[in-house]
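Below is one structure, written out as C-alpha cells; comments come after it.
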Amino acid sequence: MRRIVAALVAAFLAVVLFAHPAEGYAPTSLSIGTHNLLHGKAAPHAFADVIGWQEADTRRAHTRIRAMDGYRTYSRTEVPISWRTASWRYQDAGTVRTHKGLSRVSPHRYVTWVRLEHRRTHVVIVLMNTHAVSGAWNQNTGELAESWRRSMWGVHDRAVDRLADRFAAKGYRLFLTGDMNRLRHVYTYTCLRRADAGGIDVILRSTSSRLESREVLPYWGSDHRAERVRVNVH
Numbered sequence: 334m335r336r337i338v339a340a341l342v343a344a345f346l347a348v349v350l351f352a353h354p355a356e357g358y359a360p361t362s363l364s365i366g367t368h369n370l371l372h373g374k375a376a377p378h379a380f381a382d383v384i385g386w387q388e389a390d391t392r393r394a395h396t397r398i399r400a401m402d403g404y405r406t407y408s409r410t411e412v413p414i415s416w417r418t419a420s421w422r423y424q425d426a427g428t429v430r431t432h433k434g435l436s437r438v439s440p441h442r443y444v445t446w447v448r449l450e451h452r453r454t455h456v457v458i459v460l461m462n463t464h465a466v467s468g469a470w471n472q473n474t475g476e477l478a479e480s481w482r483r484s485m486w487g488v489h490d491r492a493v494d495r496l497a498d499r500f501a502a503k504g505y506r507l508f509l510t511g512d513m514n515r516l517r518h519v520y521t522y523t524c525l526r527r528a529d530a531g532g533i534d535v536i537l538r539s540t541s542s543r544l545e546s547r548e549v550l551p552y553w554g555s556d557h558r559a560e561r562v563r564v565n566v567h
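Here it is, written out as C-alpha cells:
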C-alpha cells in the first residue's frame with residue numbers, strides 16, 4: 334500500500350512540476366494600449382496594462398514615461414514598452430533594428446519586445462512594439478524618397494513578420510502595437526489578427542486570444558489618438 338501511495342504522489346508531483354507552461358492556465362483578461370507621443374509633446378497616460386509607445390525619441394518623453402506610477406518601462410529606442418508591475422512580472426526584453434535610416438528622410442527603425450508573466454495566473458505574453466517608416470503610401474514625399482520609403486516599409490514589415498513567427502513558434506501569446514503608417518492594409522502575419530479600430534496605429538492580437546472590447550481614446554497632446562483593446566488569453 335505504501336508503495337502504491339508513494340507512486341501516486343510521485344506521479345502527481347511530476348504532472349504539477351513538469352507540465353508544459355502553456356497548459357492549465359486560468360483565463361487572463363488584459364488591456365493593451367498604443368500611443369504615438371509626437372516626439373515627447375504628448376503626455377503619457379496610464380491607460381492600459383501594457384502599452385506600446387511611438388515617437389518617444391526625446392529625453393523628455395522617456396522621463397515622463399518612467400515617471401508613471403505603478404509601471405516599469407523597457408526603453409532602448411523611440412518605441413518603448415511599459416507594463417503594470419502589480420500584474421506583470423518581467424522576464425526578458427530586446428530590440429531589433431529592422432533597417433537603417435536615410436539622412437533627412439527617416440531614422441533607423443526598430444522593433445522592441447518584452448516577455449511578461451502574469452503574477453496570478455502565470456500566463457506568459459510577448460508584446461512587440463514598432464514604428465514603420467512614414468510616407469511610403471502617399472504622394473507627398475517626392476519620387477526618390479517615396480521609392481526608398483516604400484522599399485524600407487516592406488523590409489520592416491518582413492522583419493516584424495519573422496520576429497512574430499519566432500515568438501509564436503515558442504508558444505507565447507503574442508501581441509503587436511505600433512504606428513504602421515499605412516491605411517487600409519490587411520496584415521498577413523500568420524499568428525496575429527487585427528484588434529484595433531483600423532487606422533495607421535495598430536494593435537494585433539494572438540490568434541489564440543479573444544477580443545473583448547476596443548476603444549479610441551483622446552489625443553492627449555499628440556496628433557494621434559491613443560487606442561486600447563481588452564483581450565482574454567489562457
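Residue numbers (the numbering used here): 334 to 567.
Every residue gets a Cβ at the ideal spot worked out from N, C-alpha and C, and that includes glycine.
Nearest-angstrom beta carbon gap, residue j and residue i [assumed within contact, 8 angstroms]
| i | j | result |
| --- | --- | --- |
| A465 | M513 | 5 angstroms |
| R482 | A492 | About 15 angstroms; that fails the 8 angstroms criterion. |
| G366 | R561 | 4 angstroms |
| H441 | H489 | Not really, about 11 angstroms apart at Cβ, beyond 8 angstroms. |
Residue range of the beta strand (DSSP E) that includes residue i
| i | result |
| --- | --- |
| I533 | Looking at the DSSP string, I533 is not in any beta strand (DSSP E), and its letter there is neither H nor E. |
| A426 | 421-432 |
| R405 | 404-407 |
| T391 | Where T391 is concerned, there is no enclosing beta strand (DSSP E), given that its DSSP letter is neither H nor E. |
| W470 | Where W470 is concerned, there is no enclosing beta strand (DSSP E), given that its DSSP letter is neither H nor E. |
| N565 | 560-566 |
| G504 | That residue, G504, is in no beta strand (DSSP E); it is neither H nor E in DSSP. |
| L449 | 442-451 |
Boundaries (first-last residue) of the alpha helix (DSSP H) holding residue i
| i | result |
| --- | --- |
| R437 | Where R437 is concerned, there is no enclosing alpha helix (DSSP H), given that its DSSP letter is neither H nor E. |
Secondary structure of residue i, DSSP reduced to three states
| i | result |
| --- | --- |
| M461 | strand |
| F380 | coil |
| W553 | coil |
| G366 | strand |
| V456 | coil |
| T418 | coil |
| V493 | helix |
| G373 | coil |
| T523 | coil |
| R515 | coil |
| E545 | strand |
| T540 | coil |
| H395 | helix |
Neighbourhood of residue i by C-beta, 7 angstroms cutoff - its chain only, sequence neighbours within 5 removed
| i | result |
| --- | --- |
| T410 | T428, Y443, T445 |
| R527 | Y520, V535, L537 |
| I533 | D512, M513, N514, R515, L516 |
| Y404 | A379, S415, W416, R417, T418 |
Cut-off 8 angstroms between Cβ atoms - residues of its own chain near residue i, not counting five sequence neighbours on either side
| i | result |
| --- | --- |
| R393 | G373 |
| V412 | G385, W386, Q387, A389, Y443, V444, T445, N462, T463, H464, G511 |
| L496 | V429, V444, W446, M461 |
| P551 | R558, A559 |
Own chain, CB closer than 6 angstroms to residue i, minus 5 neighbours either side, in chain order
| i | result |
| --- | --- |
| A426 | Y407, V447 |
| S439 | V466 |
| D529 | V535, I536, E560 |
| A554 | A quick correction: the sequence has Gly, not Ala, at residue 554. Excluding positions up to five away in sequence, the list reads K374, A375, A376. |
Original post:
On the three-pair Cβ rule with 8 angstroms, is the segment 417-425 touching the segment 369-386?
Top reply: Because the criterion of three Cβ pairs below 8 angstroms is met, the segment 417-425 and the segment 369-386 touch.
**OP:** Could you say if the segment 361-375 and the segment 393-404 meet the contact criterion of at least three C-beta pairs nearer than 8 angstroms?
**Re:** yes
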